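The block underneath contains the structure these notes are about, expressed in structure tokens.
Number of protein chains: 2
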Amino acid sequence: MALGEFALIDRYFRACGARRADVVAGVGDDAALLRVPDGADLVAATDTLVAGVHFPHGSPAASIGHRALAVNLSDLAAMGARPAWALLALTLPEAQESWLAEFAAGFGALARAHEVQLVGGDTTRGPLCITVQLLGFTPRGTALQRSGGRPGDCLFVSGTPGDAAAGLALVEGRLSAPAALHHYLRERFEMPSPRVALGERLREFASACIDVSDGLLADAAKLAHASGTGVEIHYEALPVSAALEQAAGTERARELALTGGDDYELCFSVAEKNLAAFTQEVAPQRWAYQRIGVLRASPGAVVLRDGSVMQFSHSGYQHFS
Amino acid sequence: MALGEFALIDRYFRACGARRADVVAGVGDDAALLRVPDGADLVAATDTLVAGVHFPHGSPAASIGHRALAVNLSDLAAMGARPAWALLALTLPEAQESWLAEFAAGFGALARAHEVQLVGGDTTRGPLCITVQLLGFTPRGTALQRSGGRPGDCLFVSGTPGDAAAGLALVEGRLSAPAALHHYLRERFEMPSPRVALGERLREFASACIDVSDGLLADAAKLAHASGTGVEIHYEALPVSAALEQAAGTERARELALTGGDDYELCFSVAEKNLAAFTQEVAPQRWAYQRIGVLRASPGAVVLRDGSVMQFSHSGYQHFS
């Protein structure tokens, strides 16, 4: 993009997000220079959004910018990490100024909300595709991982999964719903709220954690697999928003909660012995999480309904009988 | 890519590159967990390669894997940093196993050569596009930047720029040359050698440094601009390989050396007072660099030939008179 690239970066990305004192050199050199606190572990994630795959063609640019950062914030939340610095690799067919302004506004607002500074990146011409790399840290040795769960640990999920999948279905015309519900469900897809603060609180209490991006059941199964356990989810315990229930009906709402994806909620396990302290220190009402099941010794992921087993495959929802 | 993605990652990327003791958790969790040495500055770069833009469609997969890492290694080299950890965001139209095996082999061999471990990433479906994020470090406060040059500092370049542009022209059929030169020039485009070890040596001596990716003249101009200086390059001093001179002729060879791009060499400045120590400690014969000009007080980039000025614009080669 030659000169156009520099003008564009100057205008929209040089001062994007928070200003942080630990950035020695940000956008504009060959690489960013960053000061990790002594006694910290560095946490690094990267996620890509491809137009037509991870969001519909023609999605609002502000939503694309927001989501490109949000999906990475969610990964850091799952590690219990505090996000700090982002790099943005933006491939786009043309440098359309209004689109870039909106994209940067969506990205920047979420970055500022989480005290993240954009410190570098690359702008290239090609089919619309956004890769963000997010760096953050935890006190050394305290990060959450997927692998720490043990049989008997209780399983939780934050928020109300399934909303985002319904929002996407609305946007794509695969679901119809009363107009009053549109805004809420659509926002849940287009402007997800990664659970960064909750992730940081969980460091002290959770045995394992994963972010819910591919669907609650599939991601809970991944957590269990990494922990060398199985998992049992209680169908009746699944938290479902009133809007989702109204839009999709009770059965379909729970199905979406289990298998919808794009939720960017946290699914985590807490050992029995830590339960009392956890629910006291991190009140479920305030932090909006719900107990939905338990890790068990036998492998695989099982959904229980009225005491009977609904079997799902490891890769997600297969049948619903 | 559902289950296919995990199988694919397991097979080709879980153990890619070096094994490093400072990786607490690599590929397989929501994010990588890394231990930055105390007293270090973290250095982070990201660069994207898009098929049809940064390499011809149908390029060898090993070359694409090599180059995706090499362009980032070159960014870290320009900071004088030691590379450590890479994240790979790979967007590809289909998970073709032979392609992936070759890509991973090209990426992995270069990673091992530089003691870099692949610690995370994302695999998505879409038009072929590769973004690598590379992390490394320098002793605190010692990183090279573009902005440290001063009027009077001598300007140097490593290697023989222009070869890669000629190699690409050969691949694309825009240049013909004796078969004996093909392999060398093509390799210079397809398998560039980022100057990581030289970058580390330069920390002690250089006042400013940039990697040559957009063409020597354009990148030297960027270094000068960031340093608040201008730059004067001596046409006769430009290092040109015998292969390039044979393939393109003396005039065109120097033009390519100035404006070709994709070189991944280092362009750097050294203050007069450090020159003697520099050339003694970092011998030009062994490290293959050449003095090509000087930073000057008046802004802009100028090429001098036989004492007369060949004016080039800031954005690169414009005319050649």
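Going down the list, the protein sequences come from chains B and H. 34 is the number of the first residue of the first sequence in the numbering used here; add one for each residue after it. 34 is the number of the first residue of the second sequence in the numbering used here; add one for each residue after it. Here a beta-carbon is modelled for each residue, glycine too, at the ideal position from N, C-alpha and C. A quick note: this is a predicted structure, and the numbers were derived from the prediction, not measured.
Next on the checklist: I'd like the span of the beta strand (DSSP E) that includes H:R287, first residue to last.
Outcome noted: Taking the second sequence and counting its residues from 1, the one referred to as residue 287 of chain H is at position 254. Taken as a continuous stretch (DSSP letters only), H:R287 belongs to no beta strand (DSSP E), being part of the alpha helix (DSSP H) at 283-292.
Item to check | Between the CA atoms of H:I325 and H:D339 - distance to the nearest angstrom | outcome: One-based indexing of the second sequence puts residue 339 of chain H at position 306. One-based indexing of the second sequence puts residue 325 of chain H at position 292. Each residue's Cα considered, the two are about 14 Å apart.
Checklist entry - Does DSSP classify B:Y322 as helix, strand or coil? => result Here residue 322 of chain B corresponds to residue number 289 of the first sequence, with the count starting at 1. B:Y322 falls in the strand class under three-state DSSP.
Item to check | Cβ shell of B:E305 (< 8 Å), same chain only, five flanking positions each side left out | outcome: Against the first sequence, residue 305 of chain B aligns to sequence position 272. Excluding residues within five positions, the ones whose Cβ falls inside 8 Å are G185, D186, C187.
Checklist entry - Using a beta-carbon distance cut-off of less than 9 Å, what residues from the stretch 108-140 of chain B approach chain H? => result D108, L109, A110, A111, M112, A114, W118, L120, L121, A122, L123, T124
Item to check | Residues near H:E148 by beta carbon distance below 6 Å, same chain, minus five either side | outcome: On the second sequence, residue 148 of chain H is found 115 positions in, with the first residue counted as 1. Closer than 6 Å at the Cβ level, and outside the excluded window around H:E148, lie A51.
Item to check | Neighbour flag for B:Y350 against chain H, beta carbons, 8 Å | outcome: If you number the first sequence from 1, residue 350 of chain B lands on position 317. Residue confidence for B:Y350 is low, a pLDDT of 40 falling below 50, so the modelled location carries little weight and cannot support an answer.
Checklist entry - Whose CA, out of B:V190, B:Q166, B:E205, B:A114, lies closest to the CA of B:V86? => result Here residue 86 of chain B refers to the residue found at position 53 when the first sequence is read from its first residue. Of the candidates B:V190, B:Q166, B:E205, B:A114, the one whose C-alpha sits nearest the C-alpha of B:V86 is B:E205.
Item to check | Exposure of B:G195, with buried meaning 16 or more beta-carbon neighbours within 10 Å | outcome: Residue 195 of chain B sits at position 162 when you count from the first residue of the first sequence. It is buried - the Cβ of B:G195 has at least 16 other Cβ atoms within 10 Å.
Next on the checklist: Counting C-beta neighbours from all protein chains within 10 Å, is the total for H:E233 16 or more, i.e. buried, or is it exposed?
Outcome noted: Within the second sequence, residue 233 of chain H is the residue found at index 200, counting from 1. Buried, by the Cβ-count rule.
Next on the checklist: Please state whether the Cβ-Cβ distance between B:L328 and B:A257 is less than 8 Å.
Outcome noted: Start at 1 with the first residue of the first sequence, and residue 328 of chain B comes out as number 295. Start at 1 with the first residue of the first sequence, and residue 257 of chain B comes out as number 224. Cβ atoms of B:L328 and B:A257: closer than 8 Å.
Item to check | Rounded C-alpha distance that separates B:R44 from B:S240 | outcome: As a first step, residue 44 of chain B must be located in the first sequence, where it is residue number 11. As a first step, residue 240 of chain B must be located in the first sequence, where it is residue number 207. Near 44 Å, if we compare the C-alpha coordinates of B:S240 and B:R44.
Checklist entry - How many angstroms separate the CA atom of B:H90 from the CA atom of H:R183? => result The count along the first sequence starts at 1 and reaches residue 90 of chain B at position 57. The count along the second sequence starts at 1 and reaches residue 183 of chain H at position 150. Cα to Cα, B:H90 sits roughly 48 Å from H:R183.
Item to check | Reference H:L168, options H:V336, H:L75, H:G59, closest by Cα | outcome: The residue given as residue 168 of chain H occupies position 135 in the second sequence. Nearest of H:V336, H:L75, H:G59 to H:L168, Cα basis: H:L75.
Checklist entry - Which one or two residues does DSSP pair with B:M343 in a beta bridge? => result Taking the first sequence and counting its residues from 1, the one referred to as residue 343 of chain B is at position 310. DSSP output for B:M343 lists B:V336 as bridge partner(s).
Item to check | Neighbour list for B:I42 in chain H, Cβ cutoff strictly below 9 Å | outcome: Within the first sequence, residue 42 of chain B is the residue found at index 9, counting from 1. Under the 9 Å cutoff, chain H gives no residues; its nearest Cβ is about 13 Å from B:I42.
Checklist entry - Since B:L106 meets chain H, which of its residues come closer than 7 Å, beta carbon to beta carbon? => result One-based indexing of the first sequence puts residue 106 of chain B at position 73. Chain H residues near B:L106: none, gap ~11 Å exceeds 7 Å.
Next on the checklist: Between B:P160 and chain H, is the shortest Cβ-Cβ distance under 8 Å, so that the two count as touching?
Outcome noted: Here residue 160 of chain B refers to the residue found at position 127 of the first sequence. True, the Cβ-Cβ gap to chain H drops below 8 Å.
Item to check | Integer Cβ distance of H:A58 from B:Q178, believed to fall under 8 Å | outcome: As a position in the second sequence, residue 58 of chain H is number 25, starting the count at 1. As a position in the first sequence, residue 178 of chain B is number 145, starting the count at 1. Contact flag correct, Cβ pair sits at about 6 Å.
Checklist entry - Taking 8 Å as the CB-CB cut-off, is H:R329 touching chain B? => result By 1-based counting over the second sequence, the position of residue 329 of chain H is 296. Taking Cβ atoms only, chain B never reaches closer than 8 Å to H:R329, which makes this a no.
Next on the checklist: Could you check whether the Cβ of H:T79 sits closer than 8 Å to any Cβ belonging to chain B?
Outcome noted: To locate residue 79 of chain H, count along the second sequence from 1; it is residue 46. Chain B, which has a Cβ nearer than 8 Å to the Cβ of H:T79, makes this yes.
Checklist entry - Since H:A77 and B:A114 are thought to touch, with beta carbons under 8 Å apart, how far apart are those beta carbons, to the nearest angstrom? => result Numbered from its first residue, the second sequence carries residue 77 of chain H at position 44. Numbered from its first residue, the first sequence carries residue 114 of chain B at position 81. Their Cβ separation, rounded to whole angstroms, is 15 Å, which puts H:A77 and B:A114 out of contact at 8 Å.
Checklist entry - From this set, B:A54, B:T79, B:W132, which residue's C-alpha is nearest B:R68's C-alpha? => result Here residue 68 of chain B refers to the residue found at position 35 of the first sequence. The shortest Cα separation from B:R68 among B:A54, B:T79, B:W132 belongs to B:A54.
Item to check | Cβ shell of H:L41 (< 6 Å), same chain only, five flanking positions each side left out | outcome: Here residue 41 of chain H refers to the residue found at position 8 of the second sequence. So the list reads A128, once near-sequence residues are dropped.
Checklist entry - Within 8 Å (strictly less), CB to CB, does H:Q166 reach chain B? => result Counting from 1 along the second sequence, the entry for residue 166 of chain H is found at position 133. Yes, H:Q166 lies at the interface with chain B (some Cβ there is under 8 Å from its Cβ).
Next on the checklist: Please list, in chain order, the chain B residues whose beta carbon lies closer than 9 Å to that of H:A146.
Outcome noted: For this step, residue 146 of chain H is matched to residue 113 along the second sequence. Those within 9 Å of H:A146 in chain B number zero; the least Cβ separation is about 19 Å.
Next on the checklist: Can you look up B:A280 in the DSSP assignment and give me helix, strand or coil?
Outcome noted: As a first step, residue 280 of chain B must be located in the first sequence, where it is residue number 247. B:A280: helix per DSSP, three-state reduction.
Checklist entry - In terms of alpha-carbon separation, which member of B:D71, B:S107, B:S274 lies closest to B:L299? => result On the first sequence, residue 299 of chain B is found 266 positions in, with the first residue counted as 1. Comparing Cα positions, the closest option is B:S107.
Checklist entry - Near B:R287, which residues of its chain fall below 8 Å by C-beta distance, leaving aside the five closest residues on each side in sequence? => result Sequence index remark: in the first sequence, residue 287 of chain B carries index 254 (1-based). Counting only Cβ-Cβ distances below 8 Å, and skipping sequence neighbours, we find G195, Y268, L271, V273.
Checklist entry - H:Q323 to B:A176, Cα distance in whole Å? => result Residue mapping note: residue 323 of chain H aligns to position 290 of the second sequence, counting from 1. Residue mapping note: residue 176 of chain B aligns to position 143 of the first sequence, counting from 1. Roughly 48 Å between the two C-alpha positions.
Item to check | Within chain B, partners of H:G185 - CB distance below 7 Å | outcome: Numbered from its first residue, the second sequence carries residue 185 of chain H at position 152. Using a Cβ-Cβ cut-off of 7 Å, H:G185 is close to nothing in chain B; its nearest Cβ partner there is about 22 Å away.
Next on the checklist: With a threshold of 8 Å between beta-carbons, can B:A58 be considered close to chain H, or not?
Outcome noted: Taking the first sequence and counting its residues from 1, the one referred to as residue 58 of chain B is at position 25. Chain H contact via Cβ: present.
Checklist entry - Measuring CA to CA, which of H:E130, H:C162, H:S180, H:I97 is closest to H:A142? => result For this step, residue 142 of chain H is matched to residue 109 along the second sequence. When each option's Cα is compared against that of H:A142, the closest is H:I97.
Item to check | Through-space distance from B:A122 to B:D295, alpha-carbon basis | outcome: Position 262 of the first sequence, counted from the start, is the residue given in the question as residue 295 of chain B. Position 89 of the first sequence, counted from the start, is the residue given in the question as residue 122 of chain B. Computed Cα separation, rounded: 21 Å.
Next on the checklist: Is there a Cβ of chain H sitting closer than 8 Å to that of B:S191, yes or no?
Outcome noted: Translated into positions along the first sequence, residue 191 of chain B becomes position 158. At a cut-off of 8 Å between C-beta atoms, B:S191 does not count as an interface residue with respect to chain H.
Next on the checklist: Would you say H:A275 lies against chain B (beta-carbon separation less than 8 Å)?
Outcome noted: What you label residue 275 of chain H is simply residue 242 of the second sequence in a count that begins at 1. No, H:A275 lies away from the interface with chain B (no Cβ there is under 8 Å from its Cβ).
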